[in-house]
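Residue numbers (my numbering), protein chains in the order written: chain A, 497 to 706; chain B, 497 to 706.
A short worksheet on the structure shown next.
There are 2 protein chains.
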Amino acid sequence: MAVWGERLAGVRGVLLDISGVLFDSCEGGGVPIPGSVEAVARLKQSQLKVRFCTNESQKSRGKLVGLLQRLGFDISEGEVTSPAPAACQILKERGLRPHLLVHDDILSEFDKIDTSNPNCVLIADAGDAFSYKNMNKAFQVLMELENPVLISLGKGRYYKETLGLMLDVGAYMKALEYACGVEAEVVGKPSPEFFKNALQVLGVEAHQAQ
Amino acid sequence: MAVWGERLAGVRGVLLDISGVLFDSCEGGGVPIPGSVEAVARLKQSQLKVRFCTNESQKSRGKLVGLLQRLGFDISEGEVTSPAPAACQILKERGLRPHLLVHDDILSEFDKIDTSNPNCVLIADAGDAFSYKNMNKAFQVLMELENPVLISLGKGRYYKETLGLMLDVGAYMKALEYACGVEAEVVGKPSPEFFKNALQVLGVEAHQAQ
């Protein structure tokens, strides 16, 4: 504890990842990583401010939090920073109307976004929805735009499920970047803005966070 | 004709592309590009040696040539350099057993290749077979190899069909390169070996070809 005490000197807040850190997802649910339920409970009982910071983009925040609660975690929707709400903010600020290539389970996050006559493409970890047909449609939308804008919720290479490694959105982002000759704008980790936003909600400076 | 005479001074052979040059493909067939049937006929009546050099990897050479013949082109299978046979040569030479992610229509090109217990991944323009499931399987095979080898038949960004632009194999090559941290070996254009092989068959040096 003395070592931890030293390491935590000056630390006021903790950002926790979710997938692969608190739990491994699997078909229809997930499995907590041993010790993680207790670790979250102890952190929340401490003086430290805690926020969950995830690139999860296959599930809405509501669904993700519901799953975590069922697995025994003390967590609420308001404690989670995830890329879809951050992206919605950007879309609104810049008057962007996305063609969405996302998992059905996060479509609800874009309920209030105008998707008519798209002037950008937004992709997330779409899983099986990354079909050739859907990828080709996203590609064609980008190629028809005078100033193509590609927004990607994260740029992960892969993630771990109980069944093994799974291709993440970053691979498909690279495919569209190459085909269209564009560079994607990444919303989510490791974008500094994403972390800053999470810290701002906690009221903690970057040097005070772990 | 005088201008052409000058431009062709010293030229003994001509390599012709096929898709997008001789014809545009479409669902179930293709449409010749105006003037191309006649141009091929005139070239073949001339003193020039002619060979067709294509990255087409959705159809076997047999099917491609059959289609071109139906469209009116004077062409035979032996006159075509395409990436699948070139790849088979490489696989045999290096003792590589591929996990194939290719279109059903070119599976026959790999009839004589051992695909058991794969020690590499080979991708081609697989069209609808570029599903998430199939891409994920190719990714997992690569990740399990100590020395991952990814072979890509071409690295085109997209090609034109009568219905519009279509994502080509290069986009999916980039996706796997990024996810696995590997660099693909490209068989087909623009690889110099591929052109050299086509010229060798013609018996023409590079400086004598157009």
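We put the CB at the ideal spot given by N, CA and C, even for glycine.
In DSSP terms, what residue i is bridged to
| i | result |
| --- | --- |
| B:Lys656 | B:Leu661 |
| B:Glu681 | B:Ile647 |
| B:Ala705 | B:Gly509 |
| B:Asp621 | None; B:Asp621 has no bridge partner. |
| A:Phe548 | A:Leu512 and A:Val576 |
| A:Asp610 | Paired residue(s): none; A:Asp610 is not in a bridge. |
| B:Gly526 | B:Ser521 |
| B:Cys616 | B:Pro594 |
CB contact below 8 Å: residue i versus chain B
| i | result |
| --- | --- |
| A:Asp624 | yes |
| A:Ser627 | yes |
| A:Gly666 | yes |
Residue-chain proximity (residue i, chain D), Cβ-Cβ < 8 Å
| i | result |
| --- | --- |
| B:Lys545 | Of the protein chains in the structure, A and B, none is chain D. |
Where residue i meets chain A, residues with beta-carbon distance less than 9 Å
| i | result |
| --- | --- |
| B:Asn643 | Residues of chain A passing the Cβ test: none, with the nearest at roughly 18 Å. |
Pairwise C-alpha distance: residue j and residue i
| i | j | result |
| --- | --- | --- |
| B:Gln543 | A:Phe626 | 50 Å |
| B:Leu539 | B:Val546 | 7 Å |
| B:Ile571 | B:Ala694 | 15 Å |
| B:Leu646 | A:His703 | 42 Å |
| A:Val598 | A:Gly623 | 8 Å |
| A:Met631 | B:Glu673 | 17 Å |
| B:Thr611 | A:Asn615 | 44 Å |
| B:Phe635 | B:Ala675 | 7 Å |
| A:Leu638 | A:Val507 | 44 Å |
| B:Gly526 | B:Leu567 | 8 Å |
| A:Lys692 | B:Ile586 | 50 Å |
| B:Ile514 | A:Tyr668 | 29 Å |
| A:Leu511 | A:Gly531 | 17 Å |
| B:Leu641 | B:Asp621 | 23 Å |
| A:Lys633 | B:Ala671 | 17 Å |
| A:Ala582 | A:Ser687 | 11 Å |
| B:Phe569 | B:Gln706 | 20 Å |
| A:Leu592 | B:Asn613 | 48 Å |
| B:Ile609 | B:Pro594 | 8 Å |
| B:Val533 | B:Val517 | 11 Å |
| A:Asp607 | A:Cys584 | 10 Å |
| B:Leu596 | B:Arg590 | 16 Å |
| A:Gly684 | A:Val617 | 16 Å |
| A:Glu657 | A:Gly699 | 33 Å |
| B:Gln696 | A:Pro644 | 43 Å |
| A:Glu689 | A:Glu701 | 13 Å |
| B:Phe528 | A:Gly574 | In the sequence as presented, Phe is not what sits at residue 528 of chain B; that position holds Pro. If I take the Cα positions, the gap works out to 60 Å. |
| A:Gly509 | A:Phe548 | 11 Å |
Below-8 Å beta-carbon distance, residue i vs any chain A residue
| i | result |
| --- | --- |
| B:Leu638 | no |
| B:Gly660 | yes |
| B:Ala535 | no |
| B:Phe690 | no |
| B:Phe635 | yes |
Contacts of residue i in chain A (Cβ-Cβ under 8 Å)
| i | result |
| --- | --- |
| B:Asn632 | Met662 and Leu663 |
| B:Phe519 | Within 8 Å Cβ-Cβ: nothing; B:Phe519 doesn't reach chain A, min ~20 Å. |
| B:Phe569 | Within chain A, no residue comes near B:Phe569; the closest Cβ sits about 28 Å away, beyond 8 Å. |
Under 7 Å by beta carbon: chain B residues contacting residue i
| i | result |
| --- | --- |
| A:Arg653 | Tyr674 and Ala675 |
Neighbour list for residue i in chain A, Cβ cutoff strictly below 7 Å
| i | result |
| --- | --- |
| B:Lys656 | By Cβ distance, chain A contributes nothing, its closest Cβ being about 11 Å from B:Lys656, past 7 Å. |
| B:Ala671 | Ala667, Tyr668, Lys670 and Ala671 |
Review point. How about the region 664 to 673 of chain A and the region 559 to 575 of chain A: do they share at least three Cβ pairs that are nearer than 8 Å?
Key: Short answer: they don't touch.
Check your understanding: Counting Cβ pairs closer than 8 Å, one from the region 601 to 611 of chain A and one from the region 577 to 587 of chain A, do we hit at least three?
Key -> Between the region 601 to 611 of chain A and the region 577 to 587 of chain A, the count of Cβ pairs shorter than 8 Å is three or higher; the stretches touch.
Review point. How about the region 527 to 538 of chain A and the region 636 to 656 of chain A: do they share at least three Cβ pairs that are nearer than 8 Å?
Key: no
Review point. Do the region 549 to 559 of chain A and the region 513 to 529 of chain A make contact, defined as three or more Cβ pairs closer than 8 Å?
Key: With the cut-off at 8 Å, the region 549 to 559 of chain A and the region 513 to 529 of chain A touch.
Review point. On the three-pair Cβ rule with 8 Å, is the region 671 to 691 of chain A touching the region 499 to 513 of chain B?
Key: no
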